[in-house]
Every structure is written in structure tokens, then in C-alpha cells.
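Going down the list, the sequences are from chains H and G.
Note that the numbering used here has the first sequence beginning at 522, numbered continuously upward.
Note that the numbering used here has the second sequence beginning at 522, numbered continuously upward.
Protein chains: 2
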Amino acid sequence: MMTIGEAAVASGVSAKMIRYYEETGLIPPAGRTASGYRTYGPKEVQILRFVRRARDLGFPMDKVADLLALWRDRTRASADVRRLAEAQIAALEARIREMEAMKATLSHLVQACAGDERPDCPILDELGGSPCRSAGG
Amino acid sequence: MMTIGEAAVASGVSAKMIRYYEETGLIPPAGRTASGYRTYGPKEVQILRFVRRARDLGFPMDKVADLLALWRDRTRASADVRRLAEAQIAALEARIREMEAMKATLSHLVQACAGDERPDCPILDELGGSPCRSAGG
DNA sequence: CTTGACCTTCCCATCATGGGAAGCCCCATA
DNA sequence: TATGGGGCTTCCCATGATGGGAAGGTCAAG
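1) Got a sec: is the Cβ-Cβ distance from Ile610/G to anything in chain H below 7 Å?
2) Could you check the C-alpha separation between Arg603/G and Ala536/H for me, to the nearest Å?
3) Can you tell me the Cα-Cα spacing of Met522/H and Ala531/H, whole angstroms?
4) How would you call Ile539/H, buried or exposed, if buried means at least 16 neighbouring beta carbons within 10 angstroms?
5) I need the straight-line Cα distance from Arg654/H to Val572/G, nearest angstrom please.
6) Take Asp641/H and list the residues in its own chain whose beta-carbon comes closer than 8 Å to its own, dropping the five residues that flank it on each side.
7) The alpha helix (DSSP H) that contains Gly526/G, what's its start and end?
8) Does the contact criterion of 3 or more C-beta pairs under 8 Å hold for the stretch 611-624 of chain G versus the stretch 615-623 of chain H?
9) I'd like to confirm the pairing. Which residues does DSSP put opposite Arg559/H in its beta bridges?
10) Please state whether the Cβ-Cβ distance between Leu613/G and Gly649/G is less than 7 Å.
11) With a cut-off of 8 Å on the beta carbons, I'd call Leu569/H and Leu588/H a contact; round off their distance for me.
12) Which chain G residues sit within Cβ distance under 9 Å of Gly649/H?
13) Any beta-carbon of chain H closer than 7 Å to the one on Val530/G?
14) Flag Arg654/H as yes if its beta-carbon sits less than 7 Å from any beta-carbon of chain G, otherwise no.
Now the structure itself:
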């Protein structure tokens, strides 16, 4: 049995976040010592590691909860897990596309900007220009 | 002179956000009518549109403030503007790379997952596995 | 003068995380 | 045994940018 600090080191999840995950119900309440300290065993640490890896893959908390539920469910269908993963891939792709669009617009503007000591700047012109024509449309 | 609601429509920034931008000092305090209503002219609307476009390009608030300052400064060097834009491109690229890495890991796992009604799932195996080998390292 | 839409301020929520204070606990060391 | 330092507890606050909503004032049209 380990304290929350040790579990934090072992799992890579900060003690703050462990308490938060417990508070929000993502993970079950930890056991307590007589004096009120939370206690964690290898199983709990494994759960925390699971959560951390899922978060590292960009899953939001509610999807992590879904993954945890499937993980615990021995009768799950792997198709359900894969669906979640595919949805996450799609979400990532959508956000990547958004950012690529921003990047493309910015690259375009940077290319057009002299970048010297003169004040003339197509970047500012674009940002401050009238609404009829913009790179977004 | 228009009200905050009209300025919101004209600029594409919600009334809530206009007040917030004013409160945080991003934009100067709006004029007020005798009864306390905020008033906006074409110039203020242009500023709001500037802010909105910069936000649409992913600039965080503090960078938008920098851009606004350069916009107002008639003696600016366009190089300073370009630097900000290039930094934003770099920031976007960094986040895109992170998300591409997540996506690659997920795609890998999805490929390995049968996705049928059986419970065996390499995705869950990976998330719940021991810490020695993970896709992140 | 009423009505309804709009404005004002203020508080709360998000999402996930961190910081810090006040107070208790535990272990080691003198 | 006393003491000190570090870890634990809860509680509150902050982020960054946005929205929701309540309570109350204002304006314009009827």
C-alpha cells in the first residue's frame, strides 16, 4: 500500500489530479488509513496509469471514463473500444485541419510581409481590413 | 454610434466577449451614454474585428494585444509583426505535431484491434499495460 | 403607460490543471 | 521524548476564453 504521493510517482499522475479524478467519479474513492490518508495498491496505480495514457492520447475525461468502463467489462466487444479510438482520431484530424488552415493563412501573410523596419505590413492590413474580403472566406 | 449588441453583430464578437475584452484591458473602455450603455463607432468595430480575426488565426489573447499595439503604432517595423506571425506558426506546428503523434499511435492501435464482438483488444491492453514499453516512449 | 427587447453588473460553469494556505500526521533524529 | 521537516488533508483561487443566467435599469414602439 502506498500514499497518494507514491502513487503519483508510480503512475505519472499528479496527486492533485488523483484527488480530482476521485472527486469527479472518474476513479473509485481510494481506501483510507485510520488517520484519513488515501491508500493505493498496484491495481489502483494501474488504473491511474491507464487514465494517464488515455489522456496522453488526447481523450477527454468523459471518453476516458468510457474506456475505463470497457476495460473493466470483461464481456465488452472490442468493436466498442475501436469505435472510441476511431472517433478520437477523427476529432484529432478535425482539430489538426483547423490548425493547418490557420497555419496556411499565416504562412501566406508572412510571405507577403517584407519583415523589415518599414511599417507597411500586409498582416496587419488583413487583420484590420474591411470585412468583404478575408483569407478565411 | 451603436450599442454593444449592434457592435457584436457588426464585428462577429459576442457582447459577452466585448465586455470581457474591455474588462481585461485588451481594448480600451467604450464610451457610455448618459444612462450607462456602452457606445461603439466604426473605429471600435474595426478593432473588434481585428481581435476576432487574430483569434481566428489562433493567437492567444496576449499576442492579440501585441498585434493590436503594433497596429496602433504607425512607426512599427513590419519585422516585429512578422516575428509574431512566425512564432504563431511555430506554435501551431508544435501542437499539430503533438496531435499527429497521438493520431499515429491511435491509428496503429486501431489497426491492431479486431473490432468485433470479442473482448480481446490491443487498445485496452496498451492503455492498461505495464509501464516498461508504451507507444509514447 | 405598458410591453418587450436590450442593456447593466454580478455570479457561476466549463475543462483540466496547478498554486497555496491552514492544519493534521508520520517518521527520523537529537 | 521532543522536535523538525515533509507529506497528507481539505478548501479556495487561478488559468484561458467562452457561455448561461439572474436581477434590475433603459429605450423605443405602441
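Using N, Cα and C, we set each Cβ at its ideal position, and we do this for glycine too.
Predicted, not measured: the structure shown is a model, and the values here were computed from it.
In terms of the structure at hand:
1) Position 89 of the second sequence, counting from 1, holds the residue named residue 610/G. Closer than 7 Å: yes.
2) The residue given as residue 603/G occupies position 82 in the second sequence. The residue given as residue 536/H occupies position 15 in the first sequence. C-alpha separation (whole angstroms): 42 Å.
3) Your numbering for residue 522/H matches position 1 in the first sequence. Your numbering for residue 531/H matches position 10 in the first sequence. Looking at the two C-alpha atoms, the distance is approximately 12 Å.
4) Walking along the first sequence from the start, residue 539/H turns up at place 18. It counts as buried.
5) Here residue 654/H refers to the residue found at position 133 when the first sequence is read from its first residue. Here residue 572/G refers to the residue found at position 51 when the second sequence is read from its first residue. Because the pLDDT at Arg654/H is just 46, under 50, the model does not fix this residue reliably, and the value given afterwards should be weighed accordingly. Arg654/H and Val572/G: Cα-Cα distance of roughly 16 Å.
6) As a position in the first sequence, residue 641/H is number 120, starting the count at 1. So the qualifying residues of the chain are Ala635.
7) Position 5 of the second sequence, counted from the first residue, corresponds to residue 526/G. Counting along the chain, the alpha helix (DSSP H) containing Gly526/G begins and ends at Ile525 to Ser532.
8) yes
9) As a first step, residue 559/H must be located in the first sequence, where it is residue number 38. In the DSSP output, where bridge partners are listed per residue, Arg559/H has Arg553/H.
10) Here residue 613/G is taken as the residue at index 92 of the second sequence, counted from 1. Here residue 649/G is taken as the residue at index 128 of the second sequence, counted from 1. In this structure, Gly649/G does not lie closer than 7 Å to Leu613/G by Cβ.
11) Taking the first residue of the first sequence as position 1, residue 569/H is located at position 48. Taking the first residue of the first sequence as position 1, residue 588/H is located at position 67. About 13 Å; that fails the 8 Å criterion.
12) Translated into the one-based positions of the first sequence, residue 649/H becomes position 128. Chain G residues near Gly649/H: Gln567, Ile568, Arg570, Phe571, Arg574 and Trp592.
13) Residue 530/G sits at position 9 when you count from the first residue of the second sequence. No, Val530/G does not count as interfacial toward chain H.
14) Stepping through the first sequence from its first residue, residue 654/H is reached at position 133. Low per-residue confidence applies at Arg654/H: pLDDT is 46, beneath 50, and the placement is therefore not dependable, though the value from the model is reported in the following sentence. Output row for Arg654/H: interface = no.
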